[in-house]
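Since the structure comes first, as structure tokens, the remarks are kept for the end.
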Amino acid sequence: MTVIELAEHGAPLSVVLDDAAGRALAASGLVEAAPDPWSPGRWRVTAGGKVGVATVTVPGGGAVTVRITPKVPIARLLFLLGYSLDPKGWRTEEVPVDEEPELLHVLARLFAPQAETALRQGLIQGYRTAEETALIVRGRIREADQIRRHHGRLMPLEIVHDDYTADIAENRLLRTACERLLRLPGVPGDVRGRLLRLRARLADIMVIGTGQEPPKWRPSRLNARYHRALRLAEIVLRGASVEHRPGDVIVSGFLFDLAKVFEDFVTVALREALADSDGHCVLQATGYLDERDAIRMAPDFVWYAEDGTPLAVADAKYKAERPKGFPDADLYQMLAYCTALNLREGHLVYAKGDAPHAAHRVRHAGITLHQHALELDQPPAGLLAEVQALARRLTASVPA
0 MTVIELAEHG
10 APLSVVLDDA
20 AGRALAASGL
30 VEAAPDPWSP
40 GRWRVTAGGK
50 VGVATVTVPG
60 GGAVTVRITP
70 KVPIARLLFL
80 LGYSLDPKGW
90 RTEEVPVDEE
100 PELLHVLARL
110 FAPQAETALR
120 QGLIQGYRTA
130 EETALIVRGR
140 IREADQIRRH
150 HGRLMPLEIV
160 HDDYTADIAE
170 NRLLRTACER
180 LLRLPGVPGD
190 VRGRLLRLRA
200 RLADIMVIGT
210 GQEPPKWRPS
220 RLNARYHRAL
230 RLAEIVLRGA
240 SVEHRPGDVI
250 VSGFLFDLAK
260 VFEDFVTVAL
270 REALADSDGH
280 CVLQATGYLD
290 ERDAIRMAPD
300 FVWYAEDGTP
310 LAVADAKYKA
320 ERPKGFPDAD
330 LYQMLAYCTA
340 LNLREGHLVY
350 AKGDAPHAAH
360 RVRHAGITLH
370 QHALELDQPP
380 AGLLAEVQAL
390 ARRLTASVPA
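Per numbering that gives the first Met the number 0, residue 0 is the first one in the sequence shown, and the count goes up by one each step.
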């Protein structure tokens, strides 16, 4: 197996690959890959905004494993992921990890002891609603399903009932996270042993199928000892969902798209910062640019008044490096949002940047486009303070 080590948005790396492996890597969409014009038998491979580890199966045999390390510290990346999933649980929490460049290793080492702590007093149990076909009445009969499936016959019965069981959302998340981590390449041997023991303790729990939406859980006094493990399990499942087949190429692994991670963090953090303000916030607010509803648009974040009038719009743009400044395409996109929403100001939020803030007033339009930059390489408190300052700018731009 060929292993390629890359850095997020790093310089191209020339590696020895046969044509089949190179074409499979290029078709996977994980990285950019092209034959090296100066060195026959080698391919130039470049990582984009995805970080983690993934394996590409080459048609006809063989595999290529790609490991991509993020430029932001691992602890900061985990904070961004955790906050977007649960702002209340991660607001003041620093993830205690060493600055190890391998994201998969860090998550596996964090998850295993937290899951062990959660299960030390045994599996929690709860009520789960179950639907089934039976010969006796248990719970209540689902009348609509009974008529549709059995056309007036008395037997069998379509029933719904509540079971008191350990096969509930919390345990399913832990079991599935164990399974996903065990299937990934490169998990350290000592951690793999702990994960195998955890899987044995959760042997009677159903695994969440690939592609299925993870079940929802709510923090409570009863599952308090599970909270940290569950938040880590959700991060594991979010990254371990990479499994697709572009043509004859099979791709499986553990990857995060940093553009999506940054977008989720910015929009959730803005929503939290405006929680005490009037109105409501919508993430990925779908709408139309034209009067005939033919051109769809979906700003990352729109703040509406109680009567549905747009008050502010923002879009998150993750850019690891911008030596020439912010791209103009983003400005044109925000101008279209402001025009369609009838707003005088629009806000673009970038990761890092050449300046903390810039503003451009559009000629003959009366619209001002703001560009903000968040510094990700700082403690969570400082990052959230920057988002609070951004929220104050949004509220200041709203007419009285």
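Here a beta-carbon is modelled for each residue, glycine too, at the ideal position from N, C-alpha and C.
Would you give the residue range spanned by the beta strand (DSSP E) that residue i belongs to?
i, result
"GLY345", "344-350"
"LEU368", "367-373"
"ASP189", "Unbroken run through ASP189 is the alpha helix (DSSP H), 188-200; no beta strand (DSSP E)."
"ILE207", "No beta strand (DSSP E) holds ILE207; DSSP gives it neither H nor E."
"GLN49", "Note on identity: in this sequence residue 49 is Lys, with Gln being the wrong assignment. Counting along the chain, the beta strand (DSSP E) containing LYS49 begins and ends at 49-56."
"TYR303", "300-303"
"PRO34", "30-34"
For residue i, does the count of other Cβ atoms within 10 angstroms reach 16, so buried, or fall short, so exposed?
i, result
"MET333", "buried"
"MET154", "exposed"
"LEU269", "buried"
"HIS363", "exposed"
"PRO69", "buried"
"HIS356", "exposed"
"PRO449", "The chain is shown from 0 up to 399; residue 449 falls before or after that span and cannot be answered."
"GLU212", "exposed"
"ASP376", "exposed"
"VAL94", "Only weak support is given to the placement of VAL94: the predicted model assigns it a pLDDT of 47, under 50, and the value that follows is read from those uncertain coordinates. Buried is the call here."
"ASP18", "exposed"
"LYS49", "buried"
"SER219", "exposed"
"ASP327", "exposed"
"LEU77", "buried"
"ALA143", "exposed"
"ALA23", "buried"
"LEU195", "exposed"
"TYR82", "buried"
"ARG174", "buried"
"ILE400", "Summary: the structure shown does not reach residue 400, with the chain confined to residues 0 through 399, and so no result is reported for it."
"ALA117", "buried"
"GLY307", "exposed"
"PRO298", "buried"
"GLY238", "buried"
Spatial neighbours of residue i within its chain, please: C-beta separation below 8 angstroms, excluding the five flanking residues on both sides.
i, result
"SER38", "SER13"
"MET296", "THR285, GLY286, TYR287, LEU288, ALA335, TYR336 and ALA339"
"PRO58", "ALA19, ALA23, ASP247 and VAL248"
"GLU92", "Any reading at GLU92 must be qualified, since the residue scores a pLDDT of 43, below 50, and its modelled position is unreliable; no value is offered."
I'd like the span of the alpha helix (DSSP H) that includes residue i, first residue to last.
i, result
"ILE234", "226-238"
"GLY21", "18-27"
"ASP256", "Counting along the chain, ASP256 falls outside any alpha helix (DSSP H), though it belongs to the beta strand (DSSP E) covering 249-256."
"ARG75", "73-84"
"ASP327", "327-340"
"LEU172", "168-182"
"PRO309", "Note, PRO309: premise wrong, no alpha helix (DSSP H); beta strand (DSSP E) at 309-316."
Using C-beta distances below 7 angstroms, list every residue in its chain close to residue i, excluding the 5 sequence neighbours before and after it, in chain order.
i, result
"VAL15", "GLY40 and ARG41"
"ALA176", "PHE110, ALA232, VAL235 and LEU236"
"LEU310", "GLY278, TRP302, TYR303, ALA304 and VAL397"
"ARG148", "GLU157"
"GLY9", "ALA46"
"GLY21", "ALA32, PRO34 and TRP42"
"PRO184", "VAL52, THR54 and THR64"
"GLY61", "ALA20"
Measuring CB to CB, does residue i end up less than 8 angstroms from residue j?
i, j, result
"GLY51", "LEU84", "no"
"LEU257", "TYR317", "yes"
"ILE204", "ARG227", "no"
"LEU282", "PHE300", "yes"
"ALA390", "LEU273", "yes"
"LEU156", "ARG66", "no"
"VAL30", "ALA46", "yes"
"LEU106", "ILE234", "yes"
"GLY365", "VAL312", "no"
"ALA168", "LYS215", "yes"
"LEU221", "ARG179", "no"
"GLU271", "PRO86", "yes"
"ARG127", "VAL159", "no"
"SER27", "VAL2", "no"
"ARG217", "GLU115", "no"
Can you tell me the Cβ-Cβ gap for residue i and residue j, rounded? I've got them flagged as a contact below 8 angstroms.
i, j, result
"ASP314", "LEU347", "6 angstroms"
"LEU181", "ARG200", "Not confirmed; about 14 angstroms, so no contact."
"ARG224", "GLN124", "That belief does not hold up - the Cβ atoms of ARG224 and GLN124 are roughly 14 angstroms apart, past 8 angstroms."
"LEU79", "PHE264", "4 angstroms"
"VAL250", "ALA53", "6 angstroms"
"ALA406", "LYS351", "In the structure as shown, the chain starts at 0 and stops at 399, and residue 406 therefore has no counterpart that could be examined."
Does the beta carbon of residue i come closer than 8 angstroms to any beta carbon on chain B?
i, result
"GLU169", "Absent from the structure is chain B; it holds one protein chain and no more."
Excluding five sequence neighbours on each side, which residues of the same chain lie with their C-beta closer than 6 angstroms to the C-beta of residue i?
i, result
"LEU382", "none"
"ALA33", "ARG43"
"LEU368", "LEU330, MET333, GLY345 and HIS359"
"PRO379", "PHE78"
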